Structure formats: C-alpha cells, structure tokens
Amino acid sequence: MMGPSEMTGSEMKESGSMMSDMSFNVNAPITIPMIDGYYNGEKVFFLHTEVSDQKMAEMMTMMINFPTLHVSDLKNIPQEKMGKIYVFTNGIPGSGPYGGGPFMFQIDIFDAVPGEEGYSQFRTPHLVTWSENSSPRLLTSVEELLEAETNGEVSIEKTDLVVNAPMIVWKLDGIEQRASMVPRMFQSMQGVDGEVTNVDVDNYIVTLKLHSMNEMDMMDMMK
Numbered sequence: 003m004m005g006p007s008e009m010t011g012s013e014m015k016e017s018g019s020m021m022s023d024m025s026f027n028v029n030a031p032i033t034i035p036m037i038d039g040y041y042n043g044e045k046v047f048f049l050h051t052e053v054s055d056q057k058m059a060e061m062m063t064m065m066i067n068f069p070t071l072h073v074s075d076l077k078n079i080p081q082e083k084m085g086k087i088y089v090f091t092n093g094i095p096g097s098g099p100y101g102g103g104p105f106m107f108q109i110d111i112f113d114a115v116p117g118e119e120g121y122s123q124f125r126t127p128h129l130v131t132w133s134e135n136s137s138p139r140l141l142t143s144v145e146e147l148l149e150a151e152t153n154g155e156v157s158i159e160k161t162d163l164v165v166n167a168p169m170i171v172w173k174l175d176g177i178e179q180r181a182s183m184v185p186r187m188f189q190s191m192q193g194v195d196g197e198v199t200n201v202d203v204d205n206y207i208v209t210l211k212l213h214s215m216n217e218m219d220m221m222d223m224m225k
C-alpha cells in the first residue's frame, strides 16, 4: 500500500482517518507548497496542513493547489495552546504565487514565531477588515495592525476556526531560522512528525519525510 510520503496532492485529498491507517515509506519524500506571511516586519514561510472548517479547507486547497485537510477535531485543542493568525478580507490586493492570502488581499500576519513564548502551530484566524473611510496600506506586524485598529482604520473579528499552520522559515533576533522537524504535522494522523529535508524559498516548497512514532522509536533503538 502506498504511504502518505509517496502520495501526490490529489491522492492526499482522502480523509485524515484513512491516511492514518496507511503505512509510511520514510525513503519517499513528500513536497508541500509553503505559504508566505509576515511577522514583525519580516517574511515567514509556513504550511497549511489542516483546518477545522470544510469550506476553508476547500478554499485553501484551491489557493495552493494542494490538499488542506478538513479536521473538525482541531476545535478540541484548548484556547490557551493556540496562537493567532490575522487574515485580511479587503485592502491591498494580493500578489505572489497565490495572489495574496485566502481572500486575495495582503498576506497574513502572525503573532509569534518558534522560540518565542506563545508560539503555537495551531492558530485561530482573526479576520481583518479595512473601514470604508480608511486608506489601506501594507501591514507587516501585529503592532502596526493593533495601531490601525486603535485608530479606527480596521476591525478585527475572531473566528471559531482552527488551523494547523506549522512555520518552516522565520527570523529570530534578525537571524534566519529553518525548522528541522515538524511535530504534529497532521493532527489527524497521531504520532506522525515531518523531517524537513529541503527548503526552497524561491519556489515556495518544502520537502519532508514523514515518520511515525513507532519508526522513530525503532531508529533510536538501532543507534
């Protein structure tokens, strides 16, 4: 049987429960599109593997031409273990390989990166809408966003959605960082982590090998 690490994008559209029953071939990599966003004025690159809402899963799948799984159980993750992601519903027209964010406007803003307190790959989307009398401009940090909200330029609406959006490339204290492992890459596939083997920022892709916990335990025993 073909494992998820051997699957094409269309084949990964099967449900998470079906995928969790499949075996893994750790020697066959999987290449996934990365999405760009902003944190503290700098570009970051992340994955969008799962979302709790069916329509949003379909929207993201169409946006990046790669399956985003619908996993309603993401809503069971405690709020205190979630971060925030700010998604623009209007304003500056999007650009780049995906035409901007999910609504085709500027790319998302993150509230934290790995290595910082409060970082979580599980995030609650907050919808950002520019007011009619405002002059939309590019915002690249939470500080800029909250200042715009204080000035009445934008409104921010918390949704009841949850996304699994692990970060792959970011800057911490001005130094570029890259993930080597992605834990809980698919919440719907318990015990599966992704080992990052190659990152291509120019082409917005990352290559990973999927490992189950049983495989990792066996590898540790053989060392």
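Numbering (the working numbering) for the sequence shown: 3 to 225.
For every residue, glycine included, the Cβ atom is placed at its ideal position computed from N, Cα and C.
What you are looking at is a predicted structure, and each value in this text was computed from that prediction instead of being measured.
Query, Result
"CB of glutamine 189 within 9 Å of CB of asparagine 153, strictly", "no"
"Collapsed DSSP secondary structure at threonine 152 in the structure displayed", "helix"
"Isoleucine 66: first and last residue of the uninterrupted beta strand (DSSP E) it sits in", "That residue, isoleucine 66, is in no beta strand (DSSP E); its alpha helix (DSSP H) goes 56-66."
"Per-residue burial, leucine 147 [other beta carbons within 10 Å of its own, 16 or more giving buried]", "buried"
"Valine 208 vs leucine 71 beta-carbon contact at 9 Å", "no"
"Terminal residues of the beta strand (DSSP E) in which threonine 125 lies", "Per the sequence shown, the amino acid found at residue 125 is arginine instead of threonine. It spans 124-132 - the beta strand (DSSP E) in which arginine 125 sits, taken as one unbroken run."
"Sequence-distant residues of its chain with Cβ nearer than 8 Å to leucine 174 (five each side left out)", "Val115, Pro116, Gly117 and Glu118"
"Neighbour-count burial assignment, glycine 43, 16 or more Cβ in a 10 Å radius", "exposed"
"Buried or exposed by the 16-neighbour rule on C-beta atoms within 10 Å, applied to valine 130", "buried"
"Nonlocal neighbours in the same chain, by C-beta distance under 8 Å from valine 89, ignoring five residues either side", "Gly103, Pro104, Phe105, Asp110, Pro127, His128, Leu129 and Val130"
"Limits of the unbroken beta strand (DSSP E) element including histidine 213", "207-214"
"Beta bridge counterpart(s) of serine 157 as assigned by DSSP", "Thr131"
"Integer-rounded CB distance, given that methionine 65 should sit under 8 Å from valine 53", "Not a contact, Cβ separation roughly 12 Å."
"Contact check, phenylalanine 291 vs valine 201, beta carbons under 9 Å", "With the chain covering only 3 through 225, there is no way to say anything about residue 291."
"Aspartate 222 to threonine 33 span [Cα, whole Å]", "Because the pLDDT of aspartate 222 is 47, which lies under 50, any placement of that residue in the model is unreliable, and the number read from its coordinates should be weighed accordingly. The alpha-carbon atoms of aspartate 222 and threonine 33 are separated by roughly 25 Å."
"Beta-carbon separation (whole angstroms), glutamine 123 vs methionine 169, contact threshold 8 Å", "7 Å"
"C-beta contact flag for arginine 125 and lysine 86 at 9 Å", "yes"
"Same chain only: Cβ atoms within 7 Å of alanine 150, ignoring 5 sequence neighbours per side", "Leu141 and Val156"
"C-alpha distance - leucine 76 paired with glycine 176, whole-angstrom precision", "32 Å"
"Spatial distance of leucine 96 from aspartate 162 (CA atoms)", "Note that residue 96 corresponds to glycine in the displayed sequence, not to leucine. So the alpha carbons of these two residues sit roughly 24 Å apart."
"Extent of the continuous beta strand (DSSP E) run through isoleucine 34", "32-35"
"Three-state secondary structure (DSSP) of glutamine 81", "helix"
"Same chain, Cβ closer than 8 Å to methionine 220, five either side skipped, listed in chain order", "In this prediction, methionine 220 scores a pLDDT of 38, lower than 50, which makes its location untrustworthy; no coordinate-derived value is stated."
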